[in-house]
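Asker: My questions all concern the structure below.
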Amino acid sequence: MKRPEMTYALCLAAIFIFCASLFIPPFISFSDEEAGAKLYSLFSPLCHQKLSRSSCIFRDSLGYYINDCTPQDGMFVPNDAGQISAMRNGDLGYKFPVCTRDLGIYFALLLGMAAYPLVRKIDDENVPPAIYLVIALIPIGLDGGVQFASDLGILPFVYESSNLSRLVTGAIGGFAAAFYLIPLLMNIFSESRPSKPKTR
Numbered sequence: 005m006k007r008p009e010m011t012y013a014l015c016l017a018a019i020f021i022f023c024a025s026l027f028i029p030p031f032i033s034f035s036d037e038e039a040g041a042k043l044y045s046l047f048s049p050l051c052h053q054k055l056s057r058s059s060c061i062f063r064d065s066l067g068y069y070i071n072d073c074t075p076q077d078g079m080f081v082p083n084d085a086g087q088i089s090a091m092r093n094g095d096l097g098y099k100f101p102v103c104t105r106d107l108g109i110y111f112a113l114l115l116g117m118a119a120y121p122l123v124r125k126i127d128d129e130n131v132p133p134a135i136y137l138v139i140a141l142i143p144i145g146l147d148g149g150v151q152f153a154s155d156l157g158i159l160p161f162v163y164e165s166s167n168l169s170r171l172v173t174g175a176i177g178g179f180a181a182a183f184y185l186i187p188l189l190m191n192i193f194s195e196s197r198p199s200k201p202k203t204r
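Here it is in structure tokens:
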């Protein structure tokens, strides 16, 4: 396997393993909540982990399903980052260790990286114009930025985005990021080791 293919495969595998690891804390918590709580703490540097802004894996008589941890009613819920479980229609659930927006980012990044060879050559070292990434990040910037400003109380109104908007805006940014990450990695690990990434 040539270096570009090896670099791509290792990066794709790393992202896949990371995304798969996001399922471990909630599933462990169903059998051992104390052990699960320790696993959540490992992910805490990556995310605020607010329960009200997260998705949960619930368990019912038929198996497992994913849904919002709490009702998405547009209300800010304070001091819920330390809560790892939720009840929905009588079903117990445990949140993912990162919020719904981050889930969108990470899984869309994985999807974008998997689709990358269908769109571009893996060994293409040309980084797309930055303007496309900026455009892709505008939705997440607006949704998250207005929400953050609302949390700080500097807006004349309260804005709490929904998990759907968090998932969609995160996914847009994450998918686009894949098409910048891979050519940047190709530049870094290129056999010729160019002094700076190539741009179109």
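Going by the working numbering, the letters in the sequence shown line up with residues 5 to 204, in that order.
Every residue gets a Cβ at the ideal spot worked out from N, C-alpha and C, and that includes glycine.
Could you give the distance in angstroms between the alpha-carbon of Leu137 and the alpha-carbon of Leu55?
Answerer: It is roughly 29 Å from the alpha-carbon of Leu137 to the alpha-carbon of Leu55.
Asker: May I ask which residues mark the beginning and end of the beta strand (DSSP E) holding Asp72?
Answerer: Gly67 to Asp72
Asker: Based on Cα-Cα distance, which residue from Ile142, Ile135 and Met117 lies nearest to Leu185?
Answerer: Met117
Asker: My parser needs the beta strand (DSSP E) runs of 3 or more residues fully inside the region 91-167; what are they?
Answerer: Counting whole runs of 3 or more residues, the region 91-167 contains the beta strand (DSSP E) stretches 95-99.
Asker: What's the C-alpha gap between Pro49 and Leu26?
Answerer: 14 Å
Asker: With burial defined as no fewer than 16 other Cβ atoms inside 10 Å of the residue's Cβ, what is the status of Asn167: buried or exposed?
Answerer: buried
Asker: Taking all protein chains shown into account, decide if Phe20 is buried (16 or more other Cβ within 10 angstroms of its Cβ) or exposed.
Answerer: exposed
Asker: Could you tell me how far apart the beta carbons of Asp128 and Met190 are, in whole angstroms, since I believe they sit closer than 8 Å?
Answerer: That pair is a contact at about 7 Å.
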